[in-house]
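Peer 1: Before I ask anything, let me first share the structure, which is written out below as structure tokens.
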Amino acid sequence: MLLEAIHVDGRREVLTDVTNYEQTWQIVYPYKEAHLFPKGTILHTVSWHDNTAKTNTIPIRQPGWVGVVGQWMKWAMAGRTLLL
Numbered sequence: 031m032l033l034e035a036i037h038v039d040g041r042r043e044v045l046t047d048v049t050n051y052e053q054t055w056q057i058v059y060p061y062k063e064a065h066l067f068p069k070g071t072i073l074h075t076v077s078w079h080d081n082t083a084k085t086n087t088i089p090i091r092q093p094g095w096v097g098v099v100g101q102w103m104k105w106a107m108a109g110r111t112l113l114l
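Residue numbers for the sequence shown follow the numbering used here, beginning at 31 and rising by one.
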């Protein structure tokens, strides 16, 4: 999972880059210091999901509304945590 800030001048700042993110055990990554961004900064998040047969923690099925709401909640938590 990757979270980056895209500043108004186009510069990108990686805030969180978690390799092998396991969504069944880790919910929040708190920062030691709050990030304060100027108006117009974009928070961009990228996550990769392995729903192949080799991954038994994630059932192989189309995401329903629960999956979509879960993604929205992650974004809402990032917004609250980053003091937007």
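A virtual CB, placed ideally from N, CA and C, is assigned to each residue, including glycine.
Run through the DSSP bridge pairs and tell me what residue 44 is partnered with.
Peer 2: Looking at the DSSP assignment, residue 44 forms a beta bridge with 34.
Peer 1: Is residue 74 closer than 8 angstroms to residue 36 when the C-beta atoms are compared?
Peer 2: yes
Peer 1: May I ask you to report which of helix, strand or coil DSSP gives residue 65?
Peer 2: coil
Peer 1: With DSSP collapsed to three states, give me the class of residue 75.
Peer 2: strand
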